[in-house]
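Numbering (the UniProt record's numbering), first residue to last: 1 to 257.
Presented below is the structure to which this report refers.
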C-alpha cells in the first residue's frame, strides 16, 4: 500500500484565531521556530473584510515559506502578541523564528509593529515567501539591559515594499484610487463585540414642537409631558376602562387623568 503523501517542505501552517479555543494552536505556531506573518483584523472593520476577501484569503490557497495566521483583534490580548503596537486595522505583524515581534519605522520616523499593508495579492504572496533573515532579532543583546528594539529601517528588508508617506495622497491623485488605499480603520477603544450601540435620530411627529427636556423642567413640566411631545396620535390608545385614557410606553400603559 502506498504511503499517504505528507506535507511538502515549503508547506506551512495556516490558522484562523477567532475564539479562545484556537489560542493554544496559535502559540504552537509562533513557537515553531519559523517566521510567521500575522494578520490582525476585526469583524466590525470594513477594510478588514475587503482585505481578507481580495488579498488574504486568495493568498492562503497557495503554499508559502512562512506561517500565516489571522487573529481577531479582541483575541490578541490573550496571546503572546498582547504587547504588539499597532494603531490601525487591518495590521500585518511579523514574528521571527525566536517568537519576537518585529518593529518597523514609519516614513514619519515612528516605531510600530505593523508593517506596510500590502496593496495587492502579488505583494502579499511575495511577503509570505521572501526570506526575511537575518532579522533584527539576530543582533546580540546588551547584558543587563532591555532587549534592543528590532527595527527594519525604511522597510528595506521586506522586498522593497512601497510605502506612501500619507494615505490621503491617493484621494488627491487624478487616477482611480486603489480599492484598499486609505481604507484602514482606526481601532476603537473599549469595543464590545456583544453590544454594538447604534444611535438613530429621534423622529419628531408632524405638528409637534420639540422642546428640550431642560426647558420642560424650567417651565415646571413633567417627564410625561416631554414624552407625549414625541408620541403621535397613532400611538395613543384608549384604556379598557371608561373615561380614562392611556399612554403606551414600551410594554406598559401609564394612565393619566
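Beta carbons are placed, not taken as given, at the ideal position from N, Cα and C, and that holds for glycine.
As the structure is a computational prediction, the values presented were derived from the model and not from experiment.
| field | Cβ shell of residue 86 (< 8 angstroms), same chain only, five flanking positions each side left out | value | Position 86 of the chain shown, counted from the start, is the residue given in the question as residue 86. So the list reads 40, 93, 112, 113, 114 and 187, once near-sequence residues are dropped.
| query | What's the call for residue 103, buried or exposed, on a 16-neighbour Cβ count within 10 Å? | reply | Sequence index remark: in the chain shown, residue 103 carries index 103 (1-based). Its Cβ being crowded by 16 or more others within 10 Å, residue 103 is buried.
| request: Could you name each continuous alpha helix (DSSP H) segment of 4 residues or more that falls completely within the stretch 64 to 106, going from the start of the chain to the end? | output: Runs found: none.
| Who are the Cβ neighbours of residue 91 in its own chain at under 7 angstroms, not counting the five residues just before and after it? | Indexing the chain shown from 1 puts residue 91 at position 91. These residues qualify, in order along the chain: 40 and 114.
| task | Following the continuous beta strand (DSSP E) through residue 16, name the residue where it begins and the one where it ends. | result | Residue numbering aside, residue 16 sits at position 16 when the chain shown is read from its first letter. Counting along the chain, the beta strand (DSSP E) containing residue 16 begins and ends at 14 to 17.
| request: Mark residue 119 as exposed unless 16 or more other C-beta atoms lie within 10 angstroms of its C-beta, in which case mark it buried. | output: For the purposes of this step, residue 119 is taken as residue 119 along the chain shown, with counting starting at 1. The residue is buried, with at least 16 neighbouring Cβ atoms inside 10 Å.
| message | Tell me the DSSP secondary structure of residue 117 in three-state form. | response | The count along the chain shown starts at 1 and reaches residue 117 at position 117. In this structure, residue 117 counts as coil in the three-state DSSP scheme.
| task | Could you have a look at residue 35 and say whether DSSP puts it in helix, strand or coil? | result | Counting from 1 along the chain shown, the entry for residue 35 is found at position 35. DSSP places residue 35 in the coil class of the three-state scheme, outside both helix and strand.
| request: Would you kindly report the start and end of the unbroken alpha helix (DSSP H) that includes residue 50? | output: Looking up residue 50 in the chain shown gives position 50. Element bounds for residue 50: 46 to 51.
| Between residue 34 and the rest of its own chain, which residues show a CB-CB distance below 8 angstroms, the 5 nearest in sequence each way excluded? | The residue labelled residue 34 in the question sits at position 34 within the chain shown. Taken in chain order, the residues that qualify are 12, 66, 67 and 97.
| alpha helix (DSSP H) containing residue 58: first to last residue? | The sequence position of residue 58 within the chain shown is 58, counting from 1. It spans 57 to 60 - the alpha helix (DSSP H) in which residue 58 sits, taken as one unbroken run.
| request: Could you have a look at residue 54 and say whether DSSP puts it in helix, strand or coil? | output: Sequence index remark: in the chain shown, residue 54 carries index 54 (1-based). If DSSP states are grouped into helix, strand and coil, residue 54 belongs with the helices.
| Measuring CA to CA, which of 75, 131 and 122 is closest to residue 23? | For the purposes of this step, residue 23 is identified with residue 23 of the chain shown, where counting begins at 1. Residue 75 is the option with its Cα nearest to residue 23.
| query | Just to confirm, are residue 59 and residue 128 a CB contact at a threshold of 9 angstroms? | reply | Start at 1 with the first residue of the chain shown, and residue 59 comes out as number 59. Start at 1 with the first residue of the chain shown, and residue 128 comes out as number 128. Closer than 9 angstroms, so yes.
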